[in-house]
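In terms of the working numbering, the sequence shown opens at residue 71 and continues consecutively. By construction, the Cβ of each residue, glycine as well, lies at the ideal position given by its N, Cα and C atoms. One structure is given below, encoded as structure tokens.
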Amino acid sequence: MEKLYIGVDLGGTNIAAGIVDLNGNIYCKKSVRTNLPKPEAELEQDIYNLCKSLCEENGYDISNDIISVGIGSPGSVDGKRGIVWSNVNFGYENWRIKENLEKLFGISVYVENDANAAIIAEVMAGNAKGCDNALIVTLGTGVGGGAFLNGQIYAGYNYAGLEVGHIVIEKDGRLCNCGRKGCFERYASASALTRDTQAAMNAHPESLLWKLCPDIEKANAKIAFDAMEKGDKVATEVVNTYIEYLACGLVNLINIFQPEVVCLGGGVSNQQQALLDLLQPLIDKEDFARNARERTKIVIAKFRNDAGIIGAAMVGVNND
Ligand SMILES: [Zn+2]
């Protein structure tokens, strides 16, 4: 029988769990509201109950059919010891999630930071499969990052490494939530692209952007790409500026790590090849190793909507 794992995407709003195989296929999934705040023990019980009902409803038995449970959690996570050190969403400190959940589940439980889980998934079964050195950069609400270096997750001291969204790419630039100015995520996140699109709409009532999106409040990270494709000058400028900032941050990371592959995830990566086609010429101009025989490849992350569940499950596969 196929080897099966449970992946749990533990978020501040929802907990989603799925049964996943070695190739990252999801067999079934289920989610519940997280309903914070609540004590640790209650949340642990919720996670267990969700997984138990997921299995029961789909004819699986946790102790016989599932190899391990992987949890992807935001925050600073010590994957080796299975401790979530700090997490703003939950408000817990030093949460011994692995130990506590193993008592409930009766099988191995692993935990990893969600961005680290995402790169594990890409390396185990996705578009960085088999790589010893790969990065993921997610372009969503913020800009997140995970690194798989020399065959293992790089967590950093304090498990707070790879906060790639907070490298400065514009000195004295836009103020960031972290307190610095000019952070990568203030320019390259999906939220930044949305804000820049809205600003361009306000400045240019003639832009096609208004035809595609009459309600400016509903603007998203996609419409500038759509309007650019239709030849709109204003949108083209928004996208080109966005790509320049994105390329700047990515080249910084490539020059530090020289990974085999950089996977792009998050909302903006839904643009797929169109995004890569715009990025590559700028990377080609600036990558320090641009003349090397083997170059870092920029690709779109394979795992999309269910990346959180699959990544978490793959943390278990990686530890097997
Ligand atoms: Zn910042």
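Going by beta carbon distance, what residues of the same chain come within less than 7 Å of ASN388, once the five residues before and after it are set aside? ILE190 and MET194
For VAL331, list the residues DSSP reports as bridge partners. Per DSSP, the beta-bridge partners of VAL331 are ALA204 and LYS367.
Contact belief for ILE137 with GLY386 at Cβ below 8 Å, rounded distance in angstroms: 7 Å
Is CYS283 helix, strand or coil by DSSP? coil
So what does GLU163 bridge to, in DSSP terms? SER156
CB contact flag (THR264, LEU279, <8 Å): Contact flag unset, no.
Taking all protein chains shown into account, decide if VAL90 is buried (16 or more other Cβ within 10 angstroms of its Cβ) or exposed. Buried.
Where CYS283 and CYS318 are concerned, what is the direct C-alpha to C-alpha distance, given to the nearest angstrom? For CYS283 and CYS318, the distance between alpha carbons rounds to 29 Å.
Whole runs of the alpha helix (DSSP H) within the region 167-255, excluding any shorter than 4 residues: 167-175 and 184-195
Top-ranked residue by Cα proximity to GLY214, from CYS201, LYS199, ASN220 and ALA230: Out of CYS201, LYS199, ASN220 and ALA230, ALA230 has the C-alpha closest to the C-alpha of GLY214.
Round the Cβ separation of ASN197 and ALA371 to the nearest angstrom and send it over; I've been treating them as touching at under 8 Å. 6 Å
Flag this pair as yes or no: are the beta carbons of TYR97 and GLY140 separated by less than 8 Å? no
Cβ distance (whole Å) where VAL309 is taken to contact PHE295 below 8 Å: Rounded, the Cβ-Cβ distance is 6 Å, consistent with contact.
Determine the burial state of GLN341: buried for a count of at least 16 other Cβ atoms within 10 Å of its Cβ, exposed for fewer. buried
With C-beta atoms as the reference, is PHE254 less than 8 Å away from HIS236? Closer than 8 Å, so yes.
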